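Reading the sequence shown from the start, the letters are residues 481 to 952 in our numbering.
Below: one structure, written as structure tokens.
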Amino acid sequence: MKKIIKNGTIVTATDTYQAELLIEDGKIAQIGTNLSAIGAEIVDAKGCLVFPGGIDPHTHLDMPFGGTITKDDFESGTIAAAFGGTTSIIDFCLTNKGEPLKDAIQTWHGKSKDKAVIDYGFHLMIGEINDKVLNELPQVINEEGITSFKVFMAYKNVLQADDETLFRTLVTAKEHGGLVMVHAENGDVIDYLTKKALEEGKTEPIYHALTRPQELEGEATGRAARLTGLANSQLYVVHVSCSDAVEQIAEARSKGFNVWGETCPQYLVLDQSYLEKPNFEGAKYVWSPPLREKWNQEVLWNALKNGTLQTFGSDQCSFDFKGQKELGRNDFTKIPNGGPIIEDRLTILFSEGVKKGRISLNQFVDLTSTRVAKLFGLFPKKGTIAIGSDADLVIFDPNVERVISAETHHMAVDYNAFEGMKVTGEPVSVLVRGDYVIRDKQFVGKPGSGQYLKREKYSLNTLLNQNETLSI
Ligand code: URP
Ligand code: ZN
Ligand code: ZN
Numbered sequence: 481m482k483k484i485i486k487n488g489t490i491v492t493a494t495d496t497y498q499a500e501l502l503i504e505d506g507k508i509a510q511i512g513t514n515l516s517a518i519g520a521e522i523v524d525a526k527g528c529l530v531f532p533g534g535i536d537p538h539t540h541l542d543m544p545f546g547g548t549i550t551k552d553d554f555e556s557g558t559i560a561a562a563f564g565g566t567t568s569i570i571d572f573c574l575t576n577k578g579e580p581l582k583d584a585i586q587t588w589h590g591k592s593k594d595k596a597v598i599d600y601g602f603h604l605m606i607g608e609i610n611d612k613v614l615n616e617l618p619q620v621i622n623e624e625g626i627t628s629f630k631v632f633m634a635y636k637n638v639l640q641a642d643d644e645t646l647f648r649t650l651v652t653a654k655e656h657g658g659l660v661m662v663h664a665e666n667g668d669v670i671d672y673l674t675k676k677a678l679e680e681g682k683t684e685p686i687y688h689a690l691t692r693p694q695e696l697e698g699e700a701t702g703r704a705a706r707l708t709g710l711a712n713s714q715l716y717v718v719h720v721s722c723s724d725a726v727e728q729i730a731e732a733r734s735k736g737f738n739v740w741g742e743t744c745p746q747y748l749v750l751d752q753s754y755l756e757k758p759n760f761e762g763a764k765y766v767w768s769p770p771l772r773e774k775w776n777q778e779v780l781w782n783a784l785k786n787g788t789l790q791t792f793g794s795d796q797c798s799f800d801f802k803g804q805k806e807l808g809r810n811d812f813t814k815i816p817n818g819g820p821i822i823e824d825r826l827t828i829l830f831s832e833g834v835k836k837g838r839i840s841l842n843q844f845v846d847l848t849s850t851r852v853a854k855l856f857g858l859f860p861k862k863g864t865i866a867i868g869s870d871a872d873l874v875i876f877d878p879n880v881e882r883v884i885s886a887e888t889h890h891m892a893v894d895y896n897a898f899e900g901m902k903v904t905g906e907p908v909s910v911l912v913r914g915d916y917v918i919r920d921k922q923f924v925g926k927p928g929s930g931q932y933l934k935r936e937k938y939s940l941n942t943l944l945n946q947n948e949t950l951s952i
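Structure below.
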């Protein structure tokens, strides 16, 4: 069925203009005015913005972590994502040492296949490097279309990899066209500080933050960036939370290193004091890296504005307060790390960023969609509004005011980290490949309709914006 979207304001990473969009066979077929409407369903976007569907580069759905499993799976998680204006996600596929990579990937296909309502791809965790892993990686890239690899520098004795693994992953990624992602915190020192805190009887949630100081994020970010320079490779730093890490990314980029960075909603609007909420409520705000002292927020906003950070992910990793976060009542190290964010990612950046004049509307689209597509091999199929691109579109009311709440959200968890926050802007309708998933704020999609995304290799030429160099 053809559709014509009329009366909306089209917004891409570079332009804002009035036009109509003709959608045919799931793709954008024409952009113009007075398009022929014969046989087409008319979609009235009056008063709304029309932008490319959000691409969330950082989700953990149905993932075993912290002694439990994330509450949102590929069905509830992608439905919530769609309500929030996200039309594709890239989820982290965990691997186990000694296990063939293809087995881990099959497990993730099993979790997602009949459940996802939006399109999805996978990043692959690299926990060890040996001949078996090295032999499998080209196949993972070329056949599975998985072109990004995650190395954890923290979570000692669980997910953490050593520097040799990181360096050899960087070298291999360079050779085969992959992008290496790091969780950058110094896991060894954190392990020492957490043990010491527990020995001293410090068990409350606030000690999660106090045992992971921001110097340790800065140190790991700088180390990963230097190893990237040495390997002449490419690096993407996930969930940047503080000035120490921003400084390291800026320095690496000023040297011309291929280093990119992401931040997330929680680091822009919440801060360390939330971990001190009474009655163990602080556990709701346990992320790694932890929420930081408030002054870091301005540094992050500036980094988004000036291009030191290029993407905005959710780090969706949801756990119920009851029964899951509560696992750490007597020991903060047992609180599962992470929170429910997938649904509110776009609205928070729009409301706090665009509406408050911190970033432009076009930067908003770049951060939430276009640059993600370029970095992770999805552009121009995804991440823009152009003839031939998938018709992944958000019709967004930029003026509606609402209050974020667990009472009304669509994630499967019993709290919302942004409870009570007043925001402006909300998706009205969301289309994936031309089909409604959300129509007039109602879910009309179908579990299993999301398609697996095989992604292209990393390409610096694709992802630099016009007139942009790595040095800033
Ligand atoms: O606390 C977090 N960030 N949980 C999700 C796992 C990770 O480190 O990204
Ligand atoms: Zn992480
Ligand atoms: Zn994460």
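Don't be surprised by glycine CBs; every beta carbon is placed ideally from N, CA and C.
Since the structure is predicted, the reported quantities are computational estimates derived from the model, not experimental observations.
Discussion item. Which residues does DSSP list as the beta-bridge partners of SER723?
Written reply: DSSP lists no partner for SER723.
Worksheet item: Based on Cα-Cα distance, which residue from ASN879, GLY702 and GLU756 lies nearest to ALA730?
Response: Checking every option, the nearest Cα to that of ALA730 belongs to GLY702.
Worksheet item: Can THR791 and GLY534 be called in contact, C-beta distance under 7 Å?
Response: The Cβ-Cβ distance between THR791 and GLY534 does not fall below 7 Å.
Worksheet item: Ordered along the chain, which non-local residues of its own chain (more than five positions away) have a Cβ less than 8 Å from that of GLU881?
Response: Scanning its chain for C-beta atoms nearer than 8 Å, with the 5 sequence neighbours on each side dropped, one finds around GLU881 the residues LYS902, VAL903 and THR904, in chain order.
Item to complete: Flag ASP542 as yes when its Cβ comes closer than 6 Å to any non-hydrogen atom of ligand 3, and as no otherwise.
Response: Within the chosen limit of 6 Å, ligand 3 does not reach the beta carbon of ASP542 with any heavy atom.
Worksheet item: Helix or strand or just coil, what does DSSP make of LYS486?
Response: strand
Discussion item. Please classify ILE952 as buried or exposed, where buried requires at least 16 other C-beta atoms within 10 Å of its C-beta.
Written reply: Model confidence at ILE952 stands at a pLDDT of 40, short of 50, so the residue's coordinates are unreliable and nothing is read from them.
Worksheet item: Does the separation of the CB atoms of LEU933 and GLY601 fall below 7 Å?
Response: yes
Discussion item. At the level of alpha carbons, what is the spacing between ASN610 and LYS757?
Written reply: Roughly 45 Å between the two C-alpha positions.
Practice prompt. Taking only the alpha-carbon atoms, compute the straight-line gap between ARG935 and GLY868 and give it to the nearest angstrom.
Written response: 17 Å
Discussion item. For ASP495 and VAL834, I'd like the C-alpha separation in whole angstroms.
Written reply: 15 Å
Worksheet item: Cβ of GLY818 versus every heavy atom of ligand 1: is any distance shorter than 6 Å?
Response: yes
Worksheet item: Exposed or buried, which one is MET481 when buried takes at least 16 other CB atoms within 10 Å?
Response: exposed
Worksheet item: Do the stretch 779-786 and the stretch 762-769 touch if we need at least three Cβ pairs shorter than 8 Å?
Response: With the cut-off at 8 Å, the stretch 779-786 and the stretch 762-769 do not touch.
Practice prompt. List the endpoints of the continuous alpha helix (DSSP H) containing LYS862.
Written response: The continuous stretches of alpha helix (DSSP H) do not include LYS862, and DSSP gives it neither H nor E.
Discussion item. In whole angstroms, give me the CA-to-CA distance for ALA493 and GLU679.
Written reply: 51 Å
Item to complete: Please specify which runs of the alpha helix (DSSP H), each continuous and at least 4 residues long, are wholly inside the stretch 729-773, giving them in chain order.
Response: 745-749
Fill in: Local conformation of TYR635 per DSSP, three classes
coil
Item to complete: Taking all protein chains shown into account, decide if LEU617 is buried (16 or more other Cβ within 10 angstroms of its Cβ) or exposed.
Response: buried
Worksheet item: Whose C-beta lies closer than 7 Å to the C-beta of ARG809 among residues of the same chain, with five residues either side of it excluded?
Response: PHE760
Worksheet item: Rounded to a whole number of angstroms, what is the C-alpha to C-alpha distance between ILE485 and ALA705?
Response: 44 Å
Worksheet item: With C-beta atoms as the reference, is ALA866 less than 7 Å away from PHE859?
Response: no
Discussion item. Give the list of continuous alpha helix (DSSP H) stretches no shorter than 4 residues that lie fully inside the stretch 501-588.
Written reply: DSSP runs (the alpha helix (DSSP H)) wholly in the stretch 501-588: 554-563.
Worksheet item: Mapping DSSP to helix, strand and coil, what is ILE884?
Response: coil
Discussion item. The alpha helix (DSSP H) that contains TYR672, what's its start and end?
Written reply: 667-679
Item to complete: Pull up the CB-CB distance for ASP599 and THR567, whole angstroms please, since I reckon it's below 8 Å.
Response: Contact check for ASP599 and THR567: beta-carbon distance about 7 Å, within the 8 Å limit, so the pair qualifies.
Worksheet item: Counting along the chain, where does the alpha helix (DSSP H) carrying ASP643 start and finish?
Response: Per DSSP, the continuous alpha helix (DSSP H) segment holding ASP643 begins and ends at 643-656.
Worksheet item: Is it right to say ASN776 is buried, meaning 16 or more other beta carbons lie within 10 angstroms of its own, or is it exposed?
Response: ASN776 sits buried, since 16 or more C-beta atoms from the chains shown fall within 10 Å of its C-beta.
Discussion item. I need the DSSP call for THR496, collapsed to helix, strand or coil.
Written reply: DSSP places THR496 in strand when its eight states are reduced to three.
Discussion item. Report the CB separation of PHE558 from ILE570 in whole angstroms; it is logged as a contact under 8 Å.
Written reply: In the sequence as displayed, the identity of residue 558 is Thr instead of Phe. Contact flag wrong, Cβ pair sits at about 12 Å.
Worksheet entry | Closest Cα partner of ALA700 within the set ASN842, GLY519, PRO878 and ALA664 | Out of ASN842, GLY519, PRO878 and ALA664, ALA664 has the C-alpha closest to the C-alpha of ALA700.
Item to complete: Please confirm whether LEU595 and GLU655 have their CB atoms less than 7 Å apart.
Response: The residue asked about is misnamed: residue 595 is Lys in this sequence, not Leu. It is not a contact, given that the beta carbons lie outside the stated cut-off.
Worksheet item: Looking at the structure shown, is PRO618 part of a helix, part of a strand, or coil, going by DSSP?
Response: Note: PRO618 maps to helix in three-state DSSP.
Item to complete: Following the continuous beta strand (DSSP E) through PHE602, name the residue where it begins and the one where it ends.
Response: 599-605
Discussion item. For the stretch 500-507 against the stretch 914-934, do three or more pairs of beta-carbon atoms, one drawn from each stretch, fall closer than 8 Å, so that the two count as touching?
Written reply: The answer is yes - the stretch 914-934 touches the stretch 500-507, with three or more Cβ pairs under 8 Å.
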